[in-house]
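Sequences listed follow chains L, D and C, in order.
Counting from -12, one number per residue, gives the positions in the first sequence under the numbering used here.
Counting from 38, one number per residue, gives the positions in the second sequence under the numbering used here.
Counting from 346, one number per residue, gives the positions in the third sequence under the numbering used here.
All remarks here apply to the structure that follows.
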Amino acid sequence: MMGSHSLAINKLSGGYGDITVIRDVSLTVEPGKVVFVTGRNGVGKTTLIKLIAGQLATQSGDILFGERDMRAEPSHARRAIGIGYAPQESVVFDDLSVRENLTLQYRDRDLARYEALFASFPRLKERRAQRAGTLSGGEKKILSFCRAVAEDTRLVMLDEPTEGVQPENIERMATHVATEAGRGRGFLIVEQNLGFAERLADHAHVLDHGACVYDSPGGPGLRTRLAEKLAL
Amino acid sequence: MASSRAINVLFLIGLLLVPFLWDSFVAYQLGLFLLYGMVGQGIGLCWGRAGFLPLGQALFFGVGAYVFGSALKLEAGSLFLIAGLLAAILLPALIAFVVGFLVFIRQIGSGPYFSLITLALTMLGFQLANSMDWLTGGFNGMTGIPALPGTDTYETLYYVIWAALVLVSGVLAYVGTAPFGQLLGATAQNEERLQYFGFNTALLKAIAFAISAAVAGLAGALFAPHQGIVTPQSVGFLLSAEIVVWTAVGGRASLMGPVLGAILIGFMASELRDSFQYWEVLIALVFVIVVIRFPGGLWSLVEGLAHRLPSFGAKGARRRDIETDKSRANGPVRLAFEDVELVLGPVRILDKLSFRIETPGVHSIIGPNGAGKTSAFNVLTGRLKPTAGRIEYSGAPVGGLSRHRIARMGIARKLQIPSVFPDLSVDRNVDIALWAGDLTLTKMFTLRPFRWSTPLLNEMYDIFPFLEDGRQPAGSLSLGQRQKLDFAMTCLTQSPLLLLDEPCAGLSSSETGEMIDAIERIVGTTGSTAIIIEHDMQVVERLSNHVLVLNQGALLANGAMEEIRSDPAVQAVYGGGSK
Amino acid sequence: MELVALQGLNFVYISLTLALVALGLAVVFGLLGVMNMAHGEFVMLGAYSVLVVQNAGLPFLAALPLALAVCAAVGWLLEFFVIRHLYRRPFDTLLATWGLAILMREIVEAVFGRDYKSVNQSLPGTVEVLGAVYPAYRVVLMALMVAFFAGLFLWYRRSNTGARIKAMVSNPALATAVGVNTAVLARGAFIFGVCMAGLAGVALAPLVRVEPYMGIDYLLSSFFILVVGGLGSLAGLLVGSTVIGGSDAIVSAITSKTGGYMTVLIISILFLWLRPNGIVSRD
């Protein structure tokens, strides 16, 4: 665990081709902090994450991780550099088994590193031989969450991790996020579930039409403040 | 598109003038490639529109040639000739239909399997043509085929060929515009979804393949008197491959593109082959480049120029003026699950699931992740086959039937992820929903169904005004709008049983409110039964009197919302929450 | 007895080589999802390598490295310039590779001519197997192929490469997110697949007519083997090769080549219809 690995986004703009979806967004995620990004449908939350993940080309602005300019790195290198990512859609490899989903990026097929997570989500362990495509939507999200959390990345980006997940499991996810943050990992989470945000956020940003229109430190009352900003 | 029509007509007129602009010998040689172009047009129907690629069309071409060639040689009178011509067209169509249907019912999007089987068939055809020399004349071919009575092979036959081309083009254009053609396009875009509308996509594709074979057979029939000889080369792999190349280069998605490709590449190649040794290599290169960079082919370049032409025959705003009656069976829906099991590998996804739904209105299925909610829908709609148990819908067993058959019984399904036909317009998407269950094979080939309307459709326009902007492609709608369109389409089938899987997934809280209102209103108006899978308790509370709780593949509790809420077993397993 | 042993050995030899061709297609089509219509042409390149090597007066086995080099080079070019752009477009891949197949055939025809060539059969060394006298190089090749399949099986079991390839094809965005270098992996898999075809071509050359159009039959055979044996396992591959190779050989011997062809086609359509996942379904 060497050095400080902060994610710093500076006036980032980008989108699809020449369509600009994200405009001049700036935010930071420091080690051990949990930062939330929320907003109504279609405001660009997923686009923002995809830009950071290197899956879309940026138009202007910086993405710095530690000292590194991430825009110069190919997208598949992020994992090795220390940025993990759980996307919003197509969250698992449907054609592979649960076990393969959890181990394909490692040298072996050992599930030992998932012990703590399996304790919280025993269902997943039961289904380890099952084809991931046959899991329910919420179970897929749980699988994706476990996979990302078990990676030893300094920063974890989660896009709508609780969509379709039932409340008890959401609570368990929150516990794991809190634990990992306590160990010095940073989290950048896109979410519409404001209760989850209130539970975990050190800081929260609200996007609208691709720009950041509000941000607030975490703590009690966050949910109400955010709900206000999101109301039509 | 109107401008396409103008270009097509101009192109055909140009072809007619060839004997006058050049000489009849050039026309004679060109005639051969018009025939090949016709085969290509058939390929275009399958590939450009329906999304599957036949690689062995020469088989049908050759069969047509041998059959009609034999008929001509017998010189037994015009009635016999007509019979021969019909055989030359229908025999290939029959073969194609049978083979196509067998392959298509097994796979969704049969893709490479289909292509390779057609390839193998054409090679088999080649071998048979070679070896069955008592029938075909073997390696040397069927020789001495006389001219078509009433025509002079080097003079007037060209006009007969031209007329056939016009006929085929007209038929294919019509078929493409008719509901059948639209459904083919929908099959290419989202075959499974189309099946949930009750359409037998394997049948549709098999018919398209049969049409392409008939066209190839007709072309082959005219080939016989044109060349005077039919050899196994006409049946084989090489010719099939060449025609596909010409179709691709000319433009697979356009009506005339394949003909243009056959003329430019085929005809010119045969002229230049002797003067340039590496001509074949060059063509292959051009082909590869076209596939990678210019999928629209040469014809798309031609169309680019067409914008300057005046358009005629432009359609005015289409009027929906035929009220169709889509009301279905009377009486409330009766759905029964009896000890239904679904076992996949080591996991019991559904474990003796039993319940009954016998009243109209909205019922909700809730339960923890992995409880089997969507799986219950899957076995009910034919997406999965139950391992054991019985599912009955209004007295009829449903387990294990195909998707489209179940849909026709009156069960409509909306998948969790919005599934529309992205390259078709919103209007067309709506059409498909209106056609569901009521579009017979004959009606598919008429234009009347485009004018269908139902009272429910008008109500839908009221609830979701954006639907009236019907010309935009469904793929350009936002996620929320696609959810709404998908929902509207599901309801427009006026199926007595509606299955809605997380209808509010991905919607904001205001959009969720709109959707709840819409569901309430529609179910009330139509008197149908809706079953909703939901996580959002707010939605469940507002909409349904009857709630089923699933857990670990079985029914845990069953009753009104208040009962469920206070049931300790439910509380133990599932708390519930909302956005 | 001697004749039976001879036929038997030839049968095993052919089944193994067919399995090798099908293996290449299984990787390229089964894993990568690329319907490589030029697959048979790589077999053809392998066969022509033997010709080249013999014309240069070198021993037969020298064709192996040559075939590998040529197929790897052509495969690399194909993947880099053409296939790479078309992973998300299965039809266009089919078509583009078909165009490339035509190109490859035309080039070979321009260089070597269209007529059949045969490869020199009199190579030094024979071995006695089960009472039959059998060429040594074939025994060596069979042993190599068996060893290769065994090694591949063990490696595949333990490594995650197969999973990564499948993952990359079905969900490239997610594969990138977990750190898979999709471009390199895809290229490697494709080159591996076509090299298998080339090596099989070397093994087949002494038994068949070497001419530019020989490849199409192998494309079809390997495809049918995959239909019968299933896309997912090596065991299926071997079973498929035996069924296809065997029925073709038997029926052809009794009736004619056409009869053999028709039998294989009917078996494949039946399998496609009744057991779409093949004999040995995916694990």
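All residues carry an ideal CB built from backbone N, CA and C; glycine is no exception.
Everything numeric in this text was worked out from a predicted model, so none of it was measured.
query = Hey, how far is the Cα of D460 (chain D) from the Cα of R434 (chain C)?
reply = 16 Å
inquiry  = Just checking: is the beta-carbon of F134 (chain D) within a distance shorter than 7 Å of some beta-carbon in chain C?
reply    = F134 (chain D) has a beta carbon lying at 7 Å or more from every beta carbon in chain C.
message = Using only CA atoms, which one of C:A407, C:D437, C:V419 and C:V379 lies nearest to L90 (chain D)?
response = C:D437
query = Which value, in whole angstroms, describes the spacing of the CA atoms of V633 (chain C) and A542 (chain C)?
reply = Only positions 346 to 628 of chain C appear in the structure, and residue 633 (chain C) is not among them; the question remains open.
query = So, is the C-beta of S13 (chain L) closer than 7 Å to a C-beta in chain D?
reply = no
ask   = To which residues does DSSP link I9 (chain L) through a beta bridge?
value = L:G1
key: C-beta contact flag for S603 (chain D) and D523 (chain D) at 7 Å   = no
key: One or two residues paired with V523 (chain C) in a DSSP bridge   = Answer is none; V523 (chain C) lacks a bridge partner.
key: Spatial distance of A449 (chain D) from K511 (chain C) (CA atoms)   = 33 Å
request  = For V30 (chain L), collect the residues of the same chain with a Cβ closer than 7 Å to its Cβ; drop the 5 residues on either side in sequence, then sort them by chain order.
outcome  = L194, D195, H196 and G197
task = Would you decide whether L219 (chain L) is buried or exposed? Buried here means 16 or more other CB atoms lie within 10 Å of its CB.
result = Any reading at L219 (chain L) needs caution, since the residue's pLDDT is 45, under 50, leaving its predicted position unreliable; the model's value is listed next. Exposed.
task = State whether the segment 286 to 294 of chain D contacts the segment 39 to 48 of chain D, with contact taken as three or more CB pairs (one from each stretch) at a distance under 8 Å.
result = yes
task = Going by CA-CA distance only, name the one from D:Y233, D:V252, D:P149 and D:S581 that's closest to K451 (chain D).
result = Taking K451 (chain D) as reference, the option from D:Y233, D:V252, D:P149 and D:S581 with the minimal CA-CA separation is D:Y233.
query = Which residues in the same chain as A108 (chain D) place their Cβ atom closer than 8 Å to its Cβ, once the five residues preceding and following it in sequence are excluded?
reply = F117, L118, A120, G121, L122, A124 and A125
query = Is A351 (chain D) helix, strand or coil when you go by DSSP?
reply = For A351 (chain D), the predicted model reports a pLDDT of 45, less than 50, meaning its position is unreliable; a value from the coordinates is still stated below. Residue state, collapsed to three classes: coil.
task = Evaluate L58 (chain D) with the Cβ neighbour count: other Cβ atoms within 10 Å of its Cβ, from every protein chain shown; 16 or more gives buried, anything less gives exposed.
result = The residue is exposed, with fewer than 16 neighbouring Cβ atoms inside 10 Å.
ask   = Hey, L72 (chain D) and L259 (chain D) are a contact pair by Cβ (cut 8 Å); roughly how many whole angstroms apart?
value = 6 Å
inquiry  = Can you tell me whether S581 (chain D) is buried or exposed? The criterion is at least 16 other CB atoms within 10 Å of its CB, across all chains shown.
reply    = buried
ask   = If you compare alpha carbons, which of D:G218, D:V76 and D:P486 is closest to G358 (chain D)?
value = With the sequence shown as reference, residue 358 (chain D) is identified as Asp, and Gly is not the correct amino acid for it. It is D:P486 whose Cα lies nearest to the Cα of D358 (chain D).
message = Between which residues of its own chain and Q46 (chain L) is the CB-CB distance below 8 Å, once the five residues before and five after are set aside?
response = S0, G1, G2 and T7
request  = Pick out whichever of C:V349, C:A383 and C:N526 has its Cα sitting closest to the Cα of S567 (chain C).
outcome  = Measuring from the Cα of S567 (chain C), the nearest candidate turns out to be C:A383.
query = So does the segment 533 to 553 of chain D actually touch the segment 255 to 269 of chain D, counting three or more Cβ pairs closer than 8 Å?
reply = With a cut-off of 8 Å, the segment 255 to 269 of chain D and the segment 533 to 553 of chain D do not count as touching, because too few Cβ pairs lie within range.
query = Can you tell me whether L204 (chain D) is buried or exposed, with buried defined as 16 or more other CB within 10 angstroms of its CB?
reply = exposed
request  = Tell me whether the beta-carbon of I(-4) (chain L) lies closer than 7 Å to the beta-carbon of I70 (chain L).
outcome  = no
query = Looking at the C-beta of G407 (chain D), does it have a partner C-beta in chain L at a distance below 7 Å?
reply = yes
query = Taking only beta-carbon atoms, is A367 (chain C) less than 7 Å away from chain D?
reply = no
task = Tell me F2 (chain D)'s beta-bridge partners as DSSP assigns them.
result = Since the first residue shown for chain D is 38 and the last is 616, residue 2 (chain D) is missing from the structure and cannot be characterised.
Residue-level contact to chain B via CB, Q164 (chain D), 7 Å cutoff = In the structure shown, chain B does not exist; the protein chains are L, D and C.
key: Rounded C-alpha distance that separates R371 (chain D) from L535 (chain D)   = Whole-angstrom Cα-Cα distance: 13 Å.
ask   = In or out: I428 (chain D) buried (at least 16 other Cβ within 10 Å) or exposed?
value = The residue in question, I428 (chain D), is buried, as its Cβ has 16 or more Cβ neighbours within 10 Å.
ask   = What is the rounded straight-line gap between the Cα of G120 (chain L) and the Cα of Q66 (chain D)?
value = 56 Å
query = Are G404 (chain D) and I443 (chain D) touching if we call contact CB-CB under 7 Å?
reply = no
8 Å CB neighbourhood of P423 (chain D) in its chain, flanking five on each side removed = V377, E378, L379, L387, V416, G436 and G437
query = Which runs of the alpha helix (DSSP H), 4 residues or longer, sit entirely within the segment 92 to 158 of chain L?
reply = 102 to 107, 109 to 113 and 124 to 137
request  = Please compile the residues from chain L whose C-beta is within a distance smaller than 7 Å of the C-beta of R509 (chain C).
outcome  = L91
query = So is K37 (chain L) buried or exposed if we call it buried at 16+ other beta carbons inside 10 Å?
reply = buried
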